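Take the sequence shown: its position 74, counted from the start at 1, is 78 in the working numbering, and no numbers get skipped.
Note that CB positions come from ideal geometry on N, CA and C, so glycine has one too.
Since this is a predicted model, take the numbers as computed values, not measurements.
To start, the structure itself, in structure tokens.
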Amino acid sequence: MTKTYDNIVGLRDRTSEEEEQYAKDQKEYQDNIVPRKLAYIKELRLQKLIETDYLAMSDNVLTDDMKNFRKKMRDIPQDFTTESQYDLLLARETDKTKNNFGQLTHSIWSKP
């Protein structure tokens, strides 16, 4: 049996029902991991576009670099379509694709 922490009794063995529920929850988590990654990428992309929306107002002239950046943001759904590509965009804290501040360093996220 696997141990679990209970706020009342502390560390204890899981019951068979708890083991079954845990296995079911883990399977559901793994089955839905790709849609969750894609949703997070879309959230990041929207945030980056919102941060630069003020530059696209009619009284501003966008630089070519900013035009390219915004185009890359809009093209993410077409350019990144597999789970391995999602992993590149969403590198973890311990991966080398993040800098010391925990920010994503994949080139697509870098604003000009």
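Nearest neighbour of THR86, chosen from LEU42, ALA60, MET5 and THR67 [CA to CA]: In the sequence shown, residue 86 corresponds to position 82, counting from 1. Taking only the C-alpha atoms, the option nearest THR86 is LEU42.
Whose C-beta lies closer than 8 Å to the C-beta of MET5 among residues of the same chain, with five residues either side of it excluded? The sequence position of residue 5 within the sequence shown is 1, counting from 1. The residues are ASP17, ARG18 and GLU23.
Tell me, which residues are paired with ASP10 by DSSP? For this step, residue 10 is matched to residue 6 along the sequence shown. The partner list for ASP10 (beta bridge, DSSP) reads GLY14.
Answer with buried or exposed for MET77, where buried requires no fewer than 16 other C-beta atoms within 10 angstroms of its C-beta. Within the sequence shown, residue 77 is the residue found at index 73, counting from 1. It counts as buried.
Do ILE54 and LEU93 count as a contact pair if the criterion is CB distance below 7 Å? Residue 93 sits at position 89 when you count from the first residue of the sequence shown. Residue 54 sits at position 50 when you count from the first residue of the sequence shown. No; because the gap between Cβ atoms is not below 7 Å, this pair is not in contact.
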